[in-house]
Structure formats: structure tokens, C-alpha cells
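Asks: Input: one structure, supplied below.
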Amino acid sequence: MAVLLPIAGISINISLVMGAGALVGFMSGMFGVGGGFLLTPILIMMGIPPTVAAASDSCQIVAASSSGAAAHFRLGNVDVKLGLILLLGGLTGGAVGVRIIKALRALGNADFLITVTYVVVLGSVGSYMFFESLSALRRRGTVPRKSGKAGKPGLLARLPFQMDFPTAGVRHSVFVPFALCTLVGILAAIMGVGGGFIMVPMMVYLLRMPMHVAVGTDLFQIFFTCAGVTFMQATTNHTVDLVLAILLMVGSTIGAQVGTRVGKRLHGDQLKILLASIVLLVMVKMAWSLVAMPATLLSYAKSGGH
Amino acid sequence: MKSRSTLQVASLVLWAGVLAAQPGGAPPDASVAVRPEVIRMGAFYAGAAVEVEGRVPAGCGVVVAVKGPATEETFNKKGRFGPIWANAGKVRISGVPSLHLAFASGSLDGLLGREERDRYQLDRKAIEAQMVVEPASLDHPQVRENYAKLKSDQGVLRLEEGAVRVEEGPEGGRFRLSFRWPKVAPPADYTVEVYACRGGRVAARAETPLRVVKVGFPEKMASLARDRAVLYGILCVLVATLAGLGIDFVASKLGGKVSAH
């Protein structure tokens, strides 16, 4: 069955769009990542104009993240206080990152630098996460392991404005999550993604948050970020296709629910290994795209993911 | 030489006069009609069946070209830097129709010579030749080929040879073509052009418009997004949030009580 997308102005198969949404929603619920890096190119391949694809993708992520965050909230996996600080840091970093990318573009060949940043950041984060989780899984049953304050470096503990984050079970200076999130926001803006892929590992390894709480809190902050982006895209560029977004929403919110439940059944280290594998796969794909002869020299300009 | 130029100018004036006298610029010995004349894109639009028919002079082959308005698009262009492929800059491509569907009664090569195909922009090579690539420093044949391939993959640039049926009668040839209008073609004013071909040249031509318009719910949504953007933006965020929370509510009811982590 086909439906006409009013803003994109093209007709598209309903099940195809919902299927793509379900795949991304599943990842969102399971790993706390928006999945825009995956969905926007799929929509473009379906013939949807790139600007409409990116903007409508943001709109559907509002639904997926609200659904996923609500499910995680009921499971006690959302640290609202930490989420709000992360949100502020992410927005600050995003604003700084946009200026950096503008300066890079003025210097020329910024896209090459962006791809290299992708490969280095994803490669480092993915490899560390993969091997750390693998060794943790091997240790399971022999050495009890607990995330929390134990691994916090002494220097960070001496910083001012220490605050308890009871849901996450950690205590940090307000500056720590804010600064880290600003950094993620900068990287996210340079790389043109929402930052879930970097944000979740950062929360787990640097803030020492349990994986499930990191996922829930990330979804909470993604909701606000994408709601802002959707509103701005709708008012300035008129590129949000609500019908497309609704179809993606139906698929993605169902996918997010399934993802949240599947994620709940897996051990935190198993989740980390799965997420690390996906991060590494994306990194390998990007590294390959740097050296392999492209099928076509032309591509639509990328408009950012989540 | 001078008399030849005068003759060419005279034929052009005569040709222009004939075109001006005919509705849609069609010479007297070719005609075309398209059904439907307007394709209405409603909420559950899934493309449309289009029929084109008309008359051409006796013994002519027929080429039907459906063309969209001229478009202009910007792409990233990849280039090689040592062993690495990276974006080498942006290229703007213009001078090409947004959609180009060509149908012929036989082999296009057999019906029209290269010069005629280029003149009337009737095949992929003609489109590649006439497109404008900017900046000129990035204008390579491969860029033109890649653009054509991209559009061909999207289904908005295609050629079907043997799709037009021509029947000879006492009043000349009568042609008929049926095809499926591509679902991905956006609303616009398109043109259906018919070329009667003889001896590798265009002997007569005619054209008729084909409009594609949004109607009903899609049209209302598009107007809302365009004319009341703030309201539309709030609606988008609200619908998305409520949809997410609603599905979470339903899922929590269906899935039973889930213990906290």
C-alpha cells in the first residue's frame, strides 16, 4: 500500500518506511542511540529528498526517544538531573562545534577531516568498549564487578560543586558531565551526528554509569535535542514531512519498545559488546569508504544524523 | 553561401509561424493527446496509468518524450587524494529536466540521428551533453555520466524502445503509448512531446502539457507547513511526543508489569 508524502511530494510504500523505522527504533531502545546515521541514508535511497529525510528523521526520533525514555523511566533507568546537565553540555558543545565546522569548511576539504575524525573516534571508542566488555564477560562469575564511584579518578573527586546522581549511582562535580557532554557535542556537530554513539560509551566509561541508566538518560536528552531540531527545521526550512515522520514513528516506537525489552534481558556487558560491534562496523565502513573507489563520484549533501 | 543562409532564415520564420498558429506549438501533421491531463496526487496516491495517443504522418516512426521542468541540484563530488577518496567540493548541475522519460516505436538510434537526438534532448547522451556543471574545474565526463546514472537509478531518467505502437491508416499513422507514471515524480508541470521520425530526422512534432498536482489532505498539509510554519512545527513535536508516549502506554499495558532495573 502506498501513501503520498505531502512535503516530500512523492508516493512511497507504507511497509517499507515502517520497516526502516522499526529497525532504527529497535537500536534506539536497546542502545540509546538515535540511529539517524542509518535512517537518513535509507530514506534518501528510497527517493526522499535529503533535506526532507534528515528533518523528518529528527521528528520521528522525538517519538522514538519519548517512547524509549518513558519505558526506561518506568524501569528506573533515567537520571533526570544528570540528563538535564548532559543536555545543556550537549547544546553548548553543538553550538561550538557548528562554528568549528564552519571554520574548517572555510579552510577547505573539511569533509576529509570529518571522515578521519569519525574513523579515529569510533575506532577508539568501539575498540575500547569491545575489549573491555569482553574481558568483563570473561571475568563474570569469578570477580564481582560493580560500576560506580570505585573507578573515579581522584582529581575529578576534588573538583567543586560535587553532586549526587542517585539514579545513576554516581557522584561527580557538575563540571564533569557538563564538560564531557560539551566535548561530545563538539564532536557530534563536526561529525554531523546526534552523538548517541559517543555519549553512551562516555557515560559508561568516564562517568561510570551503569549501561542501562546511560541508555535511558541518553534517550531522555535526545528527546529534547530532537524536539528543538524538529521545530527549527519546520519553521525555517519547511522540510519536516509529518506523514513520513508518523509512519517512521509507528515503526520506530514499536521497535524501541522491543529494543528496550530485549536490552533488559541482556547483561550490561553484552549490550556494550553489541553496541561496540556496531560502532566498529560503522568505523570500518567509513574507513573503507576512504580508500575504496566509490561507485559514483556524486552524492547528495549529508544533512546530519542523530 | 549567402542564399543558403537566407533560405535557412526563411525556413525558420515559416516554421515559427506554423508553430505559433498551432495550439501547443504543434505542426499541422502531428497531434498528441494525453489521458489524464491532470494527475491528482491524493493521500493514497500510488502513481498513475498514463495513455498517450495521436497522429503522425504516414510512414513515420514515433518518439514520445515526457519532460519535467528544468532542475538544479548540488552534490558532493568525490576526488582522490593519494590513496584516499574524499569530497573534493560541491558541484551544481543544471540545464537538465527534473524528469525525462522517452518511449520509441523502435530503436532510438534507428529512428533519429545523433544531431536530432541532441537538438531535442531525447536521450541520456543528449542530457549529459547539455547539462551545465559548475564550477568548470569539476566538470568531467564522469560527473555527467554519474549524474545520469543517479537519475536513472531513481527512475526519473529512462528510455523504453518499442513501447510506442504505431498503426498505419488512410489518414497517416496513429500511435498509442501506455505507461506507468513514476511514483517518485513530484508535483509539477510536465510536457509530453511527440516526434514523428523519418530518415533519421524529425519530420513533425507536437506537444501537450501534463500537470501533476497535490489534492486533498496532502495539499492541505503542504499549505499548513508552508503558510503556518510555527503551528506546523508545534504540531510535529506534539504529535511525535504523544505518539511515542501513547505507544509506550499501550506497550506497557500489553507487556504487563516490568520490574525496575
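Taken in order, these protein sequences are the chains called A and B. Each number in this note's numbering corresponds to the 1-based position in the first sequence with 17 added. Each number in this note's numbering corresponds to the 1-based position in the second sequence with 148 added. Virtual Cβ for every residue (Gly too), placed ideally from N, Cα, C.
Pick helix, strand or coil for E319/B, following the three-state DSSP scheme.
Replies: coil
Asks: Would C345/B pass as an interface residue toward chain A - the criterion being a Cβ-Cβ separation below 8 Å?
Replies: By this cut-off, C345/B is not an interface position.
Asks: Who are the Cβ neighbours of V136/A in its own chain at under 8 Å, not counting the five residues just before and after it?
Replies: M300, M303, A304 and L307
Asks: Starting from F327/B, find everything on chain A with Cβ-Cβ shorter than 8 Å and list it in chain order.
Replies: Per Cβ cutoff of 8 Å: no residues; F327/B is ~16 Å from chain A at best.
Asks: Please go through the same chain and pick out, in chain order, the residues whose beta-carbon is closer than 6 Å to the beta-carbon of I65/A, but skip the five residues on each side of it.
Replies: Excluding residues within five positions, the ones whose Cβ falls inside 6 Å are A25.
Asks: Taking I469/B as the reference, which of A80/A, M249/A, R278/A and M180/A has the closest Cα?
Replies: Within the shown structure, residues of chain B are numbered from 149 to 409, placing residue 469/B beyond reach of any answer.
Asks: Which residues mark the beginning and the end of the alpha helix (DSSP H) in which Y268/B is found?
Replies: Run containing Y268/B: none; DSSP gives neither H nor E here.
Asks: Can you tell me whether V95/A is helix, strand or coil according to DSSP?
Replies: For V95/A, the three-state secondary structure derived from DSSP is coil.
Asks: Mind checking who R203/B pairs with in its DSSP beta bridge?
Replies: S179/B and R322/B
Asks: Three-state secondary structure (DSSP) at G216/B?
Replies: coil
Asks: Counting only beta-carbon separations shorter than 8 Å, does G243/B have a partner in chain A?
Replies: no
Asks: Buried or exposed: where does I131/A fall if 16 or more other Cβ atoms within 10 Å of its Cβ makes it buried?
Replies: buried
Asks: According to the neighbour-count rule (16 or more other Cβ atoms, all chains shown, within 10 Å of its Cβ), is V115/A buried or exposed?
Replies: exposed
Asks: Sort out for me which residues DSSP pairs P245/B with in a bridge.
Replies: A218/B
Asks: Just checking: is the beta-carbon of I203/A within a distance shorter than 8 Å of some beta-carbon in chain C?
Replies: Within the model displayed, chain C is absent; protein chains A and B are what it includes.
Asks: Distance check for G280/A and P161/A, CA to CA, integer angstroms please.
Replies: Residue placement at P161/A is flagged as unreliable, the pLDDT there being 45, under the threshold of 50; the coordinate-derived value follows with that caveat. Near 21 Å, if we compare the C-alpha coordinates of G280/A and P161/A.
Asks: What is the residue span of the beta strand (DSSP E) that C345/B lies within?
Replies: Where C345/B is concerned, the enclosing beta strand (DSSP E) stretches over A336 to R346.
Asks: Okay, do the region 310-324 of chain B and the region 221-233 of chain B touch, 3+ Cβ pairs below 8 Å being the bar?
Replies: no
Asks: By a C-beta neighbour count over all protein chains shown, 10 Å radius and 16 as the cutoff for buried, is S253/B buried or exposed?
Replies: buried
Asks: Leaving out five residues before and five after S164/A in sequence, what residues of the same chain have Cβ atoms less than 6 Å from its Cβ?
Replies: Its pLDDT being 45, under 50, S164/A is placed unreliably by the model, and nothing is read from it.
Asks: Assign A86/A to one of three DSSP states: helix, strand, or coil.
Replies: helix
Asks: For the beta strand (DSSP E) that N30/A lies in, which residues bound it at each end?
Replies: Going by DSSP, N30/A is part of the beta strand (DSSP E) stretching over I27 to N30.
Asks: Indicate whether I61/A and A72/A have their beta-carbon atoms separated by less than 8 Å.
Replies: no
Asks: Considering only C-alpha positions, which residue in the set S255/B, K226/B and R306/B is nearest to G348/B?
Replies: S255/B
Asks: Would you kindly work out how many angstroms separate the C-alpha atoms of A274/B and K368/B, rounded to a whole number?
Replies: 39 Å
Asks: Considering H288/B, what are the terminal residues of the alpha helix (DSSP H) in which it resides?
Replies: Where H288/B is concerned, there is no enclosing alpha helix (DSSP H), given that its DSSP letter is neither H nor E.
Asks: Using the three-state DSSP reduction, which class does T313/A fall into: helix, strand or coil?
Replies: coil
Asks: Leaving out the 5 sequence neighbours to the left and right, which residues in its chain are closer than 8 Å to G202/B when beta-carbon positions are compared?
Replies: So the list reads A178, S179, V180, A181, R322, F323, V342 and A354, once near-sequence residues are dropped.
Asks: With a Cβ-Cβ cutoff of 8 Å, do K225/B and V239/B count as a contact?
Replies: Taking 8 Å as the Cβ cut-off, K225/B and V239/B qualify as a contacting pair.
Asks: Hey, how far is the Cα of L223/A from the Cα of D271/B?
Replies: Between the C-alpha atoms of L223/A and D271/B there is a straight-line separation of about 59 Å.
Asks: Answer with yes or no whether the minimum CB distance from V301/A to chain B is below 8 Å.
Replies: no
Asks: Who are the Cβ neighbours of A218/B in its own chain at under 8 Å, not counting the five residues just before and after it?
Replies: Shown here for A218/B: same chain residues with a beta carbon closer than 8 Å to its own, the five before and five after excluded, namely S242, G243, V244, P245 and S246 in chain order.
Asks: Of all Cβ atoms in chain A, is any one closer than 8 Å to the Cβ of D396/B?
Replies: Yes, its Cβ sits closer than 8 Å to a Cβ of chain A.
Asks: If you count every other CB in all the chains shown that lies within 10 Å of the CB of F223/B, and 16 or more means buried, which is it?
Replies: buried
Asks: Using only alpha-carbon positions, find the residue among H255/A, T253/A, G233/A and F178/A that is nearest to S83/A.
Replies: G233/A
Asks: Exposed or buried, S371/B, counting other C-beta atoms within 10 Å across all chains shown (16 or more means buried)?
Replies: Only exposed fits S371/B, as fewer than 16 other CB atoms lie within 10 angstroms of its CB.
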